[in-house]
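Written out below as structure tokens is the structure these notes cover.
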Amino acid sequence: MIPKKRIDEILDGYGDDITITTVCSHTALQIFHGAKKEGFKTLGIATRDRINTYDAFPLAKPDEYIVVDKMSDILNENIQEQLRERHAVIVPHGSFVEYVGSKNIEDRLEVPMLGNRAVLDWESDREKERKWLKEAGCKVPPRIKDPSQIDRPCLVKFCGAKGGRGFFIALNEEEFYRKLGDRNEDYIIQEFILGTRYYHHFFYSPLSDIGYKAGEGHIELLGIDRRNESNIDELHRFGFTRDELERVGVKQTFVVTGNLPLVVRESLLPKIFEMGRSVVDKSVEWFYPGMVGPFCLETICTDDLEFYVFEISARIVAGTNLYPMGSHYSYYMYDEPMSTGRRIAIELKNAIKQNRVKEVVY
């Protein structure tokens with residue numbers, strides 16, 4: 001892990017001059033748009049083929065680009081030096097973590113980053129993530145330790161921010177190995193919980209005094225979404241059984257292709273806030289100053305109105321792209337449009353004003 005002291009030394013050289021930076025993918029439009037709303041300079045890291053796409057959105061394109069041949073080139077020392085020269089603070093998102101790698105971000109990226117990079121170790125390790133959620137008191141789907149123990153519908157998931165790619169359902173050991181094929185990747189097997197998927201977009205600020213008390217500050221609920229997954233969300237249109245689909249060569253897939261807005265029954269909000277508070281409190285206890293900034297609890301709500309948390313994303317998630325002008329929930333906290341991207345910029349602006357940037361950037 002790059003020492004916090006090294007990042008703090010770089011921040012000392014920035015002073016109050018920060019450029020909000022991210023990889024041109026995932027939630028970049030929202031991040032740049034929000035940064036511009038708050039008066040920050042913006043910098044996009046992009047391959048040349050993506051520049052025209054971002055230039056097509058004049059209110060959300062970055063002020064300038066650093067062009068790379070591939071996204072992992074961010075780790076090259078000359079690229080890192082360019083980022084530091086421009087006083088970059090990187091906003092991490094799912095594509096950034098997948099392209100660069102959580103271990104590389106922890107050990108090789110000597111550029112300030114919003115949040116606490118220590119969280120990446122807990123988020124990327126399925127066992128540590130499960131321990132974190134359980135110790136925080138969240139219900140989690142029961143785990144199947146070995147394929148031979150599969151005796152009910154189970155979901156097989158692979159590690160990393162893969163957008164659902166490669167996940168599959170298995171009813172028994174034979175189906176597991178048939179669908180696994182020759183893949184040689186770490187996986188987990190968990191019981192398939194029936195219910196409605198809710199992805200809760202939180203923001204934890206140790207600086208703020210609005211929202212729901214958590215950690216050393218407050219959490220805000222900025223939105224909720226549901227992911228649209230291809231092709232599992234459309235297979236019902238066939239009217240075929242699983243066996244019939246398999247016979248004609250149609251495989252269930254869980255690749256995320258988009259997002260849909262959601263609200264929950266208002267009576268469920270106390271449970272949702274308590275889940276958010278508990279995971280933040282545990283993060284502050286285990287890897288201080290905790291999970292600073294945006295995060296998402298990925299849940300299933302059963303017909304008993306119980307939430308199971310099957311994953312945590314300790315960063316901005318793509319479902320927030322639904323709400324560039326604010327969500328059904330942010331309206332109740334802010335009298336102006338508030339996306340998660342803009343909320344990130346406000347956190348950095350407040351940190352600069354309070355001389356507390358080092359508390360929210362690592």
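Residue numbering for the sequence shown follows our numbering, beginning at 1 and increasing consecutively.
Every residue, glycine too, gets a C-beta built ideally from N, C-alpha and C.
Every value quoted in this text rests on a predicted model; they were computed, and no experiment measured them.
Using beta-carbon positions only, say whether I31 and I344 come within less than 8 Å of one another.
In this structure, I344 lies closer than 8 Å to I31 by Cβ.
Since D121 is in the alpha helix (DSSP H), which residue starts that stretch and which ends it?
Note, D121: alpha helix (DSSP H), 119 to 124.
Just the Cα atoms here: how many angstroms apart are G101 and D73?
Cα to Cα, G101 sits roughly 12 Å from D73.
If I follow the unbroken beta strand (DSSP E) through V67, where does it start and stop?
For V67, the uninterrupted beta strand (DSSP E) run begins and ends at 64 to 67, by DSSP.
Going by C-alpha to C-alpha distance, which of N52, P206, S339, G319 sits closest to P261?
Relative to the Cα of P261, the nearest Cα in the group N52, P206, S339, G319 belongs to G319.
Identify every run of the alpha helix (DSSP H) within the region 130 to 173, keeping only runs that are complete inside it and at least 4 residues long; order them along the chain.
Counting only unbroken stretches of 4 or more residues, no alpha helix (DSSP H) element lies wholly within the region 130 to 173.
What's the call for L322, buried or exposed, on a 16-neighbour Cβ count within 10 Å?
Buried.
Using 8 Å for Cβ pairs, my map puts A35 next to I51. What's the rounded Cβ distance?
Actually they are not in contact, since the Cβ atoms of A35 and I51 sit about 18 Å apart, beyond 8 Å.
Alpha-carbon spacing of Y331 relative to Y177, whole angstroms:
Put simply, the backbone Cα of Y331 is about 48 Å away from that of Y177.
Rounded straight-line distance, which links the Cα of D304 to that of P142
CA-to-CA, the gap between P142 and D304 works out to about 17 Å.
Assuming the contact rule is C-beta atoms closer than 8 Å, M291 and Y204 should be a hit. Round their C-beta distance to whole Å, please.
That pair is a contact at about 6 Å.
Let me check understanding here. Comparing Cα to Cα, which of N76, G39, K5, G94 lies closest to C24?
Selected option, being the one with the closest Cα: G94.
According to DSSP, is H200 helix, strand or coil?
Under the three-state reduction of DSSP output, H200 falls in the strand class.
Tell me which residue opens and which closes the alpha helix (DSSP H) that I74 is part of.
No alpha helix (DSSP H) contains I74, which DSSP labels as neither H nor E.
So does the region 282 to 297 actually touch the region 115 to 129, counting three or more Cβ pairs closer than 8 Å?
Yes: the two stretches touch, three or more of their Cβ pairs being nearer than 8 Å.
Tell me whether the beta-carbon of I210 lies closer than 8 Å to the beta-carbon of M325.
Not a contact, by the Cβ cut-off of 8 Å.
Does the beta-carbon of H200 have 16 or more other beta-carbons within 10 angstroms, so that it is buried, or is it exposed?
A residue is called buried when at least 16 other Cβ atoms come within 10 angstroms of its Cβ; H200 meets this threshold and is buried.
Can you round the beta-carbon distance between H87 and I7 to whole angstroms, since I take them to be within the 8 Å contact cut?
With 8 Å as the limit, H87 and I7 do not qualify as a contact, their Cβ atoms being about 13 Å apart.
Contact defined as beta carbons within less than 8 Å: I believe K61 pairs with D69. What is the distance between those atoms, to the nearest angstrom?
The Cβ separation is near 21 Å, so there is no contact.
Please list the terminal residues of the continuous alpha helix (DSSP H) segment that includes T340.
T340: member of the alpha helix (DSSP H) spanning 340 to 353, first to last residue.
Could you name the residues that DSSP lists as bridge partners for V89?
Assignment of beta-bridge partners to V89 by DSSP yields I20.
Can you give the beta carbon distance from L43 to I66, rounded, assuming they're within the 8 Å contact cut?
Distance from L43 to I66 at the Cβ level is roughly 7 Å; contact confirmed, criterion being Cβ atoms closer than 8 Å.
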